[in-house]
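Just add 1447 to the spot in the sequence shown (first one is 1) and you have the working numbering.
By construction, the Cβ of each residue, glycine as well, lies at the ideal position given by its N, Cα and C atoms.
Since the model is a prediction, treat every value here as computed from it, not as a measurement.
Structure record follows, encoded as C-alpha cells.
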Amino acid sequence: MREVTLKDIYEHPITQKYVRRSGMGHAISVSYHAFHLAEEFNVNPDRAAKAGFLHDIGHYEWYRDGKWDYQLYRDFDIHPIKGAERAHKLLVRLGEDKQAAKEISHAILFHTESAIPDGNFELKSLQKVVHLADEKDKQPGDSHHYRNIDRQKEVELIEKLDQKIDKT
Ligand SMILES: [Fe+2]
Ligand SMILES: [Fe+2]
C-alpha cells in the first residue's frame, strides 16, 4: 500500500500554491505521461507519476515591469533545484517513504538541464521518464504553463490516476 496518494499531494496548500503557479494542467498531463512511460522504462509507476506531477514545483515568477521576462528566466532560473528541495520537504511532511522521496526529488532535479552545469550525465530511468514526460507536454511559447482546466476536472483526473497506480 502506498503511504501517500496523488490526491494527498494535490490537496496540500504547498502544491496548490506552487504547482498551480507553474500550471496545474501541465503538471497533471506530465504525471499521466510519466505513469505511461514508467512501464516501458521499468520504473515504479507511483514514483514516476508523483515526480511528473511535482516536476515544476520549483518555478519562480520572473517578472519585469509586470510582464513575464524570458531572458531573466533563462539567466537566473534554478527551478529544478528549488523544486527538488520543495517536493522533498512536502513529500516527507506527508509521510512519504524516505527512499521514494529521495528518488522523486532527484528526478525533479534532473528533469531539465536549465540549472545544471553542462556535462554528460548518465540519467537513471526514473529521471529519464520525467524528462521525456515533460517534453511530451511542451507547447510552443511555453503555453503549457498556462493551460487551465476546471478544478472539478483536475480532481477527477488525479483520482483516476491514483486508481490506475493502485492497480499496478
Ligand atoms: Fe521544468
Ligand atoms: Fe514542465
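Beta-carbon spacing of residue i, residue j below 9 angstroms
i     : j     : result
S1478 : L1608 : yes
I1605 : D1493 : no
H1535 : A1548 : yes
Y1465 : I1525 : no
A1562 : L1484 : no
L1541 : F1557 : no
A1474 : F1500 : yes
H1506 : V1577 : no
R1594 : G1472 : yes
E1550 : A1498 : yes
F1488 : L1573 : yes
D1584 : H1480 : yes
E1601 : Y1457 : yes
Near ligand 1: residue i beta-carbon under 8 angstroms from a heavy atom
i     : result
P1587 : no
H1558 : yes
H1459 : no
S1572 : no
H1506 : yes
H1553 : no
S1478 : no
H1526 : yes
S1590 : no
Residue i classed as buried or exposed, judged by whether at least 16 other C-beta atoms fall within 10 angstroms
i     : result
T1462 : buried
P1527 : buried
S1590 : exposed
V1451 : buried
Y1510 : exposed
R1533 : buried
E1560 : exposed
Check: Under a criterion of Cβ closer than 5 angstroms to any non-hydrogen atom of ligand 2, which residues qualify, in chain order?
Finding: For ligand 2, residues qualifying as neighbours are D1503 and D1581, where qualification means a beta carbon closer than 5 angstroms to at least one of its heavy atoms (chain order).
Next item on the list: Tell me the start and end of each unbroken beta strand (DSSP E) in the stretch 1475-1559 that is at least 3 residues and wholly inside, in chain order.
Entry: You should have found no qualifying run.
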